[in-house]
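Worksheet: one structure, shown below.
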Amino acid sequence: MVHVLCLNPSIMTTWVPTAYRTHTLGELQTHGAELVGKDVTVIGFMEANRGKGAICFVDLRDGTGKTQVFLKADNIGEEALDTVQRMTRESTLQFTGTVALKRPPKVKEGEPTPPPAYEVLATSVNVIARAEAPLPLGVTDNVKVELDTRLDNRFLDLRRAHVNAMFRLRGKVLQYGREHLITEGFVETHTPKIVATATEGGADLFPMQYFDRPAFLNQSPQLFKQLCMSGGLERVFEIGPAFRAEKSDTYRHLAEFISFDIECSWANDDDVMGVLERMLHHIWKSVAEDEESQNLIDVINAFREEQGEELVEVIVPELPFPRVEYDDAIRIIKEKGGSIEWGDDIDAENSDLLAQDLPQFYFLPRWPMSLKPFYIHQIEGEIGSTGEQLSRGFDLNFGRDEMTSGGQREHRIDVLIDNLRDMDLDPEEFEFYVAGFRHGVPPHAGWGLGVERILMKLTGAKNVRETVLFPRDLRRYCP
Numbered sequence: 055m056v057h058v059l060c061l062n063p064s065i066m067t068t069w070v071p072t073a074y075r076t077h078t079l080g081e082l083q084t085h086g087a088e089l090v091g092k093d094v095t096v097i098g099f100m101e102a103n104r105g106k107g108a109i110c111f112v113d114l115r116d117g118t119g120k121t122q123v124f125l126k127a128d129n130i131g132e133e134a135l136d137t138v139q140r141m142t143r144e145s146t147l148q149f150t151g152t153v154a155l156k157r158p159p160k161v162k163e164g165e166p167t168p169p170p171a172y173e174v175l176a177t178s179v180n181v182i183a184r185a186e187a188p189l190p191l192g193v194t195d196n197v198k199v200e201l202d203t204r205l206d207n208r209f210l211d212l213r214r215a216h217v218n219a220m221f222r223l224r225g226k227v228l229q230y231g232r233e234h235l236i237t238e239g240f241v242e243t244h245t246p247k248i249v250a251t252a253t254e255g256g257a258d259l260f261p262m263q264y265f266d267r268p269a270f271l272n273q274s275p276q277l278f279k280q281l282c283m284s285g286g287l288e289r290v291f292e293i294g295p296a297f298r299a300e301k302s303d304t305y306r307h308l309a310e311f312i313s314f315d316i317e318c319s320w321a322n323d324d325d326v327m328g329v330l331e332r333m334l335h336h337i338w339k340s341v342a343e344d345e346e347s348q349n350l351i352d353v354i355n356a357f358r359e360e361q362g363e364e365l366v367e368v369i370v371p372e373l374p375f376p377r378v379e380y381d382d383a384i385r386i387i388k389e390k391g392g393s394i395e396w397g398d399d400i401d402a403e404n405s406d407l408l409a410q411d412l413p414q415f416y417f418l419p420r421w422p423m424s425l426k427p428f429y430i431h432q433i434e435g436e437i438g439s440t441g442e443q444l445s446r447g448f449d450l451n452f453g454r455d456e457m458t459s460g461g462q463r464e465h466r467i468d469v470l471i472d473n474l475r476d477m478d479l480d481p482e483e484f485e486f487y488v489a490g491f492r493h494g495v496p497p498h499a500g501w502g503l504g505v506e507r508i509l510m511k512l513t514g515a516k517n518v519r520e521t522v523l524f525p526r527d528l529r530r531y532c533p
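For the sequence shown, the positions run 55 to 533 when my numbering is used.
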């Protein structure tokens with residue numbers, strides 16, 4: 055069974071006619087009653103054609119839906135009809151014709167009558183681009199395609215309804231996240247992606263040549279967001295790329311990703327955890343309540359059902375999210391039989407134990423300072439159960455998976471320089487950053503959250519590469 059993505063233009067930005075079409079195919083189905091008897095020009099990909107001799111039926115698809123086009127030799131000429139009948143699947147065709155009510159299919163007694171559908175009675179056809187055959191992957195065929203094949207041919211993969219729906223939904227997530235941060239007083243900004251030194255230390259950097267000097271692709275906007283706090287931009291956010299040269303080839307690691315990043319003055323870790331949970335609540339709530347977003351989820355679920363996979367349900371998380379401090383998390387894991395010691399990172403296997411009672415979002419605050427970057431704030435007078443210094447750093451998990459980390463930043467220059475040295479980093483290499491703290495900086499906090507990981511949880515995607523148009527990882531940098 056083929057499921058067709060058909061978005062409702064009445065709840066979208068108004069479509070404006072272009073040089074190639076007067077209406078989208080989605081408009082024909084949602085506003086067909088108003089268009090019956092009127093001339094239209096439509097364009098799209100030919101999924102299939104049926105019929106020989108003097109007639110032909112074409113299934114035409116664009117990014118908004120699908121429509122049947124009816125062709126008769128008497129109306130378009132025998133030569134044009136023959137051209138269409140010999141046309142390859144996925145070729146781009148333009149039709150001009152009249153909108154008509156499509157003959158309803160026969161239904162068995164007791165079955166519901168389907169809603170009215172509309173077709174185009176063609177009076178002319180124009181072949182825009184002929185598709186080569188065979189196709190490298192099927193667009194409408196219900197055949198399992200390996201992920202590598204899909205990514206090698208992403209231009210065709212995107213024509214598949216559930217894949218197209220994924221990236222439309224990604225756009226909605228970006229919209230919902232942005233609009234929520236703006237309502238909380240955050241100002242959108244952009245920080246440089248070419249930097250002179252590491253943001254977080256370590257070797258996970260992509261080196262590059264910047265004119266006659268060495269440079270790197272930025273791991274994170276972290277340090278530059280903090281400099282905005284020094285300059286009096288009290289609440290900033292950015293939606294942009296970050297680059298990590300981690301040699302990790304897993305289902306959730308990428309070398310390039312897009313993240314929401316915020317920074318907030320006069321705030322601690324608890325304050326920005328509040329911003330994060332409210333933004334995620336808004337995204338989930340908007341997806342659950344918005345008709346177009348739900349349509350996209352339905353298309354994704356239709357494909358999952360065909361593949362025998364569990365259907366996605368958008369469950370709006372309750373506020374506030376649970377908070378399980380690091381000390382308590384270690385204790386809970388041990389009580390459940392996990393192998394872990396205080397001061398260890400919490401890996402996926404041990405996160406599975408926490409997720410038994412926490413299947414959705416939850417925070418893990420108050421991590422040991424030794425496990426956090428140099429810029430994270432220490433909690434004065436607070437130590438863990440083994441006597442180690444605690445930090446104002448936190449993680450956000452969804453079940454077993456870490457979603458992001460954040461925390462309050464160190465704003466005291468003397469402590470900041472000590473932290474750099476304690477982590478074997480040279481303060482002189484971070485002078486551009488340290489200089490911003492010499493003249494008084496507000497206490498501030500922030501976080502960064504990858505858009506791809508949000509999409510994984512919303513759509514049930516098993517690999518982060520499914521949520522990225524053209525992923526970059528350990529093996530792939532083309533196309």
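No residue lacks a Cβ here, since even glycine has one placed at the ideal position from N, Cα and C.
- If you draw a straight line from the Cα of residue 96 to the Cα of residue 194, it comes to about 20 Å.
- For the 7 Å CB-CB criterion, residue 518 and residue 334 do not form a contact.
- Annotated three-state conformation of residue 294 is strand, per DSSP.
- Between residue 82 and residue 100 a beta carbon distance of about 16 Å is seen, past the 8 Å cut, so the two are scored as non-contacting.
- At the C-beta level, residue 313 and residue 283 stay beyond 7 Å of one another.
- Residues 400, 408 and 418 of the same chain have their beta carbon placed closer than 8 Å to that of residue 383, with the five preceding and five following residues left out of the count.
- By the CB criterion at 7 Å, residue 270 and residue 249 fall inside the cutoff.
- When secondary structure is reduced to three states using DSSP, residue 351 falls in the helix class.
- Between residue 273 and residue 306, the gap from beta carbon to beta carbon reaches 7 Å or more.
- With contact defined as three or more Cβ pairs closer than 8 Å, the segment 371-379 and the segment 415-432 are in contact.
- When C-alpha distances from residue 137 are compared across 277, 243, 381 and 106, the shortest belongs to 106.
- In this structure the segment 521-530 does not touch the segment 345-355; the number of beta carbon pairs closer than 8 Å is below three.
- The beta carbons of residue 350 and residue 222 sit closer together than 7 Å.
- Under the three-state reduction of DSSP output, residue 100 falls in the strand class.
- Rounded to whole angstroms, the gap between the alpha carbons of residue 300 and residue 260 is 10 Å.
- Note that the C-beta distance between residue 476 and residue 439 is not below 7 Å.
- Distances from the alpha-carbon of residue 243 to those of 278, 146 and 91 put 278 closest.
- With a cut-off of 8 Å on Cβ pairs, the segment 182-193 is not in contact with the segment 152-172, counting fewer than three such pairs.
- With contacts defined as CB atoms closer than 7 Å, residue 503 and residue 458 qualify as a contacting pair.
- Counting other Cβ atoms within 10 Å of its Cβ, residue 286 stays below 16 and is therefore classed as exposed.
- Rounded to the nearest whole angstrom, the C-alpha separation of residue 146 and residue 233 is 36 Å.
- According to DSSP, residue pairing for residue 501 in a beta bridge involves 316 and 460.
- At a Cβ-Cβ threshold of 7 Å, residue 236 and residue 176 do not count as neighbours.
- Following the DSSP letters along the chain, one finds residue 262 inside the beta strand (DSSP E) bounded by residues 260-264.
- Only residues of its own chain outside the window of five on either side were considered, and among them 208 and 524 have a CB closer than 7 Å to the CB of residue 533, listed in chain order.
- One thing to note: residue 498 has its Cβ within 7 Å of the Cβ of residue 463.
- Here residue 460 is not near residue 446, since their CB atoms are 7 Å or more apart.
- Here residue 190 has 203, 206, 207 and 210 as same chain residues with Cβ atoms under 8 Å from its own Cβ, once five neighbours each way along the sequence are excluded.
- As a beta-bridge residue in DSSP terms, residue 110 pairs with 125.
- According to the DSSP assignment, residue 386 belongs to the alpha helix (DSSP H) that extends over 380-389.
- Within the model, the alpha-carbon separation for residue 323 versus residue 390 is close to 28 Å.
- When the five nearest sequence neighbours on each side are left out, no beta carbon in the same chain lies closer than 6 Å to the beta carbon of residue 70.
- Annotation: the continuous beta strand (DSSP E) that includes residue 180 extends over 172-183.
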